[in-house]
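Enquirer: With the first letter of the sequence shown counted as 1, position 64 gets the number 64 in the working numbering; the numbers rise by one all the way through.
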Amino acid sequence: MREILQEILGTMLFFVLFFGIGFILNMLIKTTWLPTWIYVIVVLPLGVWHFWNPELSVLAFIGVFTLPFIAGIGGALTSGWAIRALRRGGYKMF
1 MREILQEILG
11 TMLFFVLFFG
21 IGFILNMLIK
31 TTWLPTWIYV
41 IVVLPLGVWH
51 FWNPELSVLA
61 FIGVFTLPFI
71 AGIGGALTSG
81 WAIRALRRGG
91 YKMF
């Protein structure tokens, strides 16, 4: 039960973390999809490299880390969509 709760909480934290980082990067650098590309090119490979445990099977690794990684990319994508909607809405600072 505790592991399931940790998985749910970790997934939500990944989403919020990468949404916030992506939103701030979009405001500062004025690029819409850069955080998504950074996540795919940098964060995913580093996450797999850091959390890989040779004692785990590939199936167990995928089962544990799939949801947080998907939530992270979802947060990065959502930040791009939010910035794009704000720009279309007439907000110049975004």
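Even glycine gets a Cβ: it sits at the ideal position worked out from N, Cα and C.
Taking Cβ positions, are Leu34 and Ile73 nearer each other than 9 Å?
Expert: As a first step, residue 34 is located in the sequence shown; it is residue number 34 there, counting from the start. As a first step, residue 73 is located in the sequence shown; it is residue number 73 there, counting from the start. Not in contact: Leu34 and Ile73 (Cβ atoms no closer than 9 Å).
Enquirer: Can you grab the Cα-Cα spacing for the pair Met1 / Gly89, in whole Å?
Expert: Residue numbering aside, residue 1 sits at position 1 when the sequence shown is read from its first letter. Residue numbering aside, residue 89 sits at position 89 when the sequence shown is read from its first letter. Taking the straight line joining both Cα atoms gives about 44 Å.
Enquirer: Does DSSP classify Leu44 as helix, strand or coil?
Expert: For the purposes of this step, residue 44 is taken as the residue at position 44 of the sequence shown. If DSSP states are grouped into helix, strand and coil, Leu44 belongs with the helices.
Enquirer: What is the DSSP secondary structure of Thr31, reduced to helix, strand or coil?
Expert: Translated into the one-based positions of the sequence shown, residue 31 becomes position 31. It is coil, neither helix nor strand.
Enquirer: Helix, strand or coil: how does DSSP classify Tyr91 here?
Expert: One-based indexing of the sequence shown puts residue 91 at position 91. In this structure, Tyr91 counts as coil in the three-state DSSP scheme.
Enquirer: Can you grab the Cα-Cα spacing for the pair Phe69 / Phe61, in whole Å?
Expert: One-based indexing of the sequence shown puts residue 69 at position 69. One-based indexing of the sequence shown puts residue 61 at position 61. Between Phe69 and Phe61, the C-alpha separation is close to 12 Å.
Enquirer: Any idea if Gly20 is buried or exposed, counting beta-carbon neighbours within 10 angstroms, 16 or more meaning buried?
Expert: Here residue 20 refers to the residue found at position 20 of the sequence shown. Counting Cβ neighbours within 10 Å, Gly20 comes out exposed, since fewer than 16 surround it.
Enquirer: Taking the straight line between their C-alpha atoms, what separation do you get for Asn53 and Thr11?
Expert: Position 53 of the sequence shown, counting from 1, holds the residue named residue 53. Position 11 of the sequence shown, counting from 1, holds the residue named residue 11. Cα to Cα, the separation comes out at about 20 Å.
Enquirer: Can you list, in chain order, the residues of its chain with a C-beta nearer than 8 Å to that of Thr31? Leave out the 5 residues immediately preceding and following it.
Expert: As a first step, residue 31 is located in the sequence shown; it is residue number 31 there, counting from the start. Around Thr31: Leu25.
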